[in-house]
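Accompanying notes for the structure given below.
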Amino acid sequence: MNKLAVIFGWIFINAWYMECLVQIVMAANRFCIITLKQYHIFTFKFTMWLFVILISITTFSAVCTQYLFPCCVFISDHTIMSFMFVNPDNSYSYSNLMLVSYDIFCTSTSTLCYISVFFSIRNSYKEVSHVRSNQNNKANKDIKYLLQFVFISVFYIFTWVLFEILPHIVPAGQVEWFSVVPVLVTLNCSSNSVIYLCVNREVQKSIQFAWSRSKVSISKVSTNATNAQSSAAVDN
122 MNKLAVIFGW IFINAWYMEC LVQIVMAANR FCIITLKQYH IFTFKFTMWL
172 FVILISITTF SAVCTQYLFP CCVFISDHTI MSFMFVNPDN SYSYSNLMLV
222 SYDIFCTSTS TLCYISVFFS IRNSYKEVSH VRSNQNNKAN KDIKYLLQFV
272 FISVFYIFTW VLFEILPHIV PAGQVEWFSV VPVLVTLNCS SNSVIYLCVN
322 REVQKSIQFA WSRSKVSISK VSTNATNAQS SAAVDN
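Quick note on the working numbering: the sequence shown kicks off at 122 and runs consecutively.
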């Protein structure tokens with residue numbers, strides 16, 4: 122087996138395990154802030170230590186997947202531009218079991234957190250709907266933020282579910298269908314930025330502000346250059 126393909130597979134599966142755990146971190150962050158009203162848990166120091174622990178867990182899990190479990194190795198196959206488990210003997214895949222365990226656990230945990238957050242926002246919205254408009258606006262903003270995180274999780278769930286069912290629905294010999302996997306992974310990785318650009322008004326305002334400033338700067342440079350040319354023409 123190509124060692125380079127195994128190494129690239131290790132990098133990918135390590136990154137995917139991290140993606141799974143990040144789903145929990147995002148959901149737990151919303152849960153702590155909105156449901157528990159604990160705003161000081163996710164400090165910079167706590168977050169840094171948390172990710173050190175998560176990286177250690179995912180690295181060990183990837184080593185188990187690629188080198189310690191008897192079956193099966195996860196590889197990147199350049200011939201079909203995809204990723205897959207190699208299981209020529211049709212053995213029981215302990216590696217895929219770990220992958221599915223990650224996916225199901227992280228999906229279930231994040232879903233429970235988001236459900237709790239949704240009901241917290243709903244109850245808060247009912248309480249402040251007839252009281253103050255600024256708290257009403259805050260509840261609406263929390264709902265929008267929640268929907269952004271939910272959309273990101275939906276991309277993640279769709280990606281891993283399709284990866285698991287693809288071997289069971291693709292006809293034998295038509296391995297080119299597995300090239301859909303990296304496409305979905307790319308969409309999943311870019312979903313965060315795409316959703317923020319399309320939905321988050323604060324991000325949109327920041328981009329518009331930066332764009333307007335750049336246009337003003339270009340306009341000033343152009344005006345100064347024109348004035349300089351005019352002055353030179355008058356002097357001549």
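Even glycine gets a Cβ: it sits at the ideal position worked out from N, Cα and C.
Per DSSP, reduced to three states, the secondary structure at Ser311 is helical. DSSP, read as helix, strand or coil, puts Ile196 in strand.
Non-local beta-carbon contacts of Thr180 in its own chain, meaning distances under 7 Å to residues more than five positions away in sequence, involve Asn135 in chain order. Annotation for Met147: no beta strand (DSSP E) segment contains it, though the alpha helix (DSSP H) segment containing it runs Lys124 to Arg151. The alpha-carbon separation between Ile154 and Tyr235 amounts to approximately 12 Å.
When the beta-carbon positions are compared, Ser216 and Phe206 come within less than 8 Å of each other. Under the three-state reduction of DSSP, Met169 is assigned to helix. Counting along the chain, no beta strand (DSSP E) covers Phe163, and no H or E run does either. Cβ contact annotation for Leu283 (same chain, cutoff 8 Å, sequence separation greater than five): Val301, Val302 and Leu305, in chain order. Just measuring C-alpha positions, the residue of Asn123, Trp131, Leu142 and Phe276 sitting nearest Cys185 is Trp131. In its own chain, leaving out the 5 sequence neighbours on each side, no residue places its CB closer than 7 Å to the CB of Ser177. According to the DSSP assignment, Met205 belongs to the beta strand (DSSP E) that extends over Ser203 to Val207.
Taking the CA atoms as reference points, Leu287 sits about 7 Å from Phe299. If you draw a straight line from the Cα of His161 to the Cα of Val146, it comes to about 15 Å. Remark: C-beta atoms of Tyr138 and Ser182 approach each other more closely than 8 Å. Contact between Glu285 and Val194 is ruled out by a C-beta separation of about 17 Å, above the 8 Å threshold.
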